[in-house]
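J.:
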Amino acid sequence: MTIQVILADDQPLIRAGLRMLIEQTPDIDVAGEAGSGTQAVRLARDTSPDVVVMDIRMPGMDGIEATQMITSGDTSTRVLMLTTFDDDDYVYGALRAGASGFLVKDMALEDILTAIRVVAAGDAIIAQFAGQPGPGRKPRELTGITDREREVLRLVGQGMSNAEIATALYITAGTAKTHVARLLTKLDARDRVQLVITAYETGLVSAPH
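Positions 690 to 898 (this note's numbering) are the ones given, in order, by the sequence shown.
What follows is the structure in C-alpha cells.
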C-alpha cells in the first residue's frame with residue numbers, strides 16, 4: 690500500500706527537494722503541496738493523506754496551528770513536523786498540537802523517508818528533543834510511577850528508542866518495552882509523544898550544556 694503524503698512548506702525549493710526524493714520511492718506518493726498552513730489544512734481535508742510533512746514557520750497560519758486543526762478532527766492523518774528551528778519550545782508546541790513526530794531539515798533524506806514510514810504506520814518519531822520548562826513555566830508534579838519508570842520516562846523524553854534505553858540502563862530491550870508500556874498505562878498517554886510531553890512538563894528532561 691502506497692503512503693500518501695502532503696508537503697507543506699512555504700519554501701518551494703524545500704518542497705521540490707522532498708518531492709524529487711519521494712518520487713524515487715515506490716511506497717510513498719506526493720498527494721499535494723501547500724505553501725501555507727491554511728492550504729495544508731484544506732488539502733488534508735480534501736485528500737485525507739496518510740502523512741502531512743509540515744513546516745513549523747509559515748506565513749499566516751503557522752504549522753502548529755495547522756497541525757492542531759488537522760489532528761483535532763476524526764482523521765487518521767498524521768503530521769510530521771519538519772523545521773530548521775531546533776528549539777525546544779517549538780518542539781513542545783508541535784507535539785502538544787498533535788504532531789506524531791519532529792525532525793530537523795538537515796537530517797539525512799533517507800532518515801526523513803524512514804520517519805514518514807514510521808509515522809504512517811501509527812508510531813511516533815522524535816529527534817533532536819531536549820528541553821525543560823521555560824521561564825515562568827512551573828514543572829507539574831509526577832506521581833504514581835517508580836524510580837526506574839521515572840528514569841525510563843526521562844530517556845523517552847530525550848527521544849531514545851527502546852533499544853537505546855535498554856543500552857543506557859543495562860537492561861534488555863524487552864524490559865525497556867515493558868517499562869514504556871507501563872508508563873503509557875499509568876500516565877494515560879495515547880502514545881510515545883505524550884510521554885515526551887509529560888517528561889517536558891515535569892522537568893525530567895534537562896537542556897544540554
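All C-beta atoms in this analysis are idealised placements derived from N, C-alpha and C, irrespective of residue type, glycine included.
Keep in mind it's a predicted model, so treat the numbers as computed, not measured.
So what does DSSP say about Thr773, is it helix, strand or coil?
T.: Of the three classes helix, strand and coil, the one that applies to Thr773 here is coil, per DSSP.
J.: Just to confirm before moving on: does the CB-CB distance between Ile717 and Val741 stay below 8 Å?
T.: Contact: no.
J.: With C-beta atoms as the reference, is Val869 less than 8 Å away from Val841?
T.: The answer is yes: Cβ separation under 8 Å.
J.: Considering only the beta carbon of each residue, do Met796 and Ala783 sit closer than 8 Å?
T.: Result no, Cβ atoms of Met796 and Ala783 do not sit closer than 8 Å.
J.: Tell me the rounded alpha-carbon separation between Arg839 and Phe791.
T.: Approximately 23 Å, taken between the alpha carbons.
J.: Given Arg785, which residues of its chain have a CB within under 7 Å of its CB, disregarding the five upstream and five downstream residues?
T.: Ile886, listed in sequence order.
J.: CB Tyr889 to CB Tyr781, shorter than 8 Å?
T.: Yes, they are a contact pair.
J.: From the DSSP output, in three-state form, read off Glu722 for me.
T.: Reduced to three states, the DSSP call for Glu722 is strand.
J.: Round the Cβ separation of Thr756 and Ser737 to the nearest angstrom and send it over; I've been treating them as touching at under 8 Å.
T.: At roughly 16 Å, the Cβ-Cβ gap does not stay under 8 Å, so Thr756 and Ser737 are not in contact.
J.: What is the DSSP secondary structure of Gln700, reduced to helix, strand or coil?
T.: Looking at Gln700 - three-state DSSP - the assignment turns out to be coil, as it is neither helix nor strand.
J.: Expressed to the nearest angstrom, what Euclidean distance is found between the alpha-carbon atoms of Gly823 and Gly833?
T.: Caution is warranted here: a pLDDT of 48 is assigned to Gly823, below 50, making its placement in the model unreliable, and the coordinate value is therefore given only provisionally. Their backbone Cα atoms lie some 25 Å apart in a straight line.
J.: Provide the residue span of the alpha helix (DSSP H) that contains Val807, from first to last.
T.: 798-809 is the span of the alpha helix (DSSP H), which, as asked, contains Val807.
J.: Alpha helix (DSSP H) containing Met758: first to last residue?
T.: 752-761 is the extent of the alpha helix (DSSP H) around Met758.
J.: Considering only C-alpha positions, which residue in the set Lys866, Ile814, Thr891 is nearest to Leu831?
T.: Out of Lys866, Ile814, Thr891, Thr891 has the C-alpha closest to the C-alpha of Leu831.
J.: Going by the CB atoms, is the gap between Ser725 and Met747 shorter than 8 Å?
T.: Yes, these two residues count as a Cβ contact at 8 Å.
J.: Using 10 angstroms around the beta-carbon of Glu712, count the other beta-carbons present and answer buried if the total reaches 16, otherwise exposed.
T.: When all chains shown are included, Glu712 counts as exposed.
J.: Just to confirm, is the Cβ distance from Thr772 to Ile745 under 8 Å?
T.: Yes.
J.: Label Ser789 either buried or exposed according to how many other C-beta atoms from any shown protein chain fall within 10 Å of its C-beta, with 16 as the threshold for buried.
T.: The residue is buried, with at least 16 neighbouring Cβ atoms inside 10 Å.
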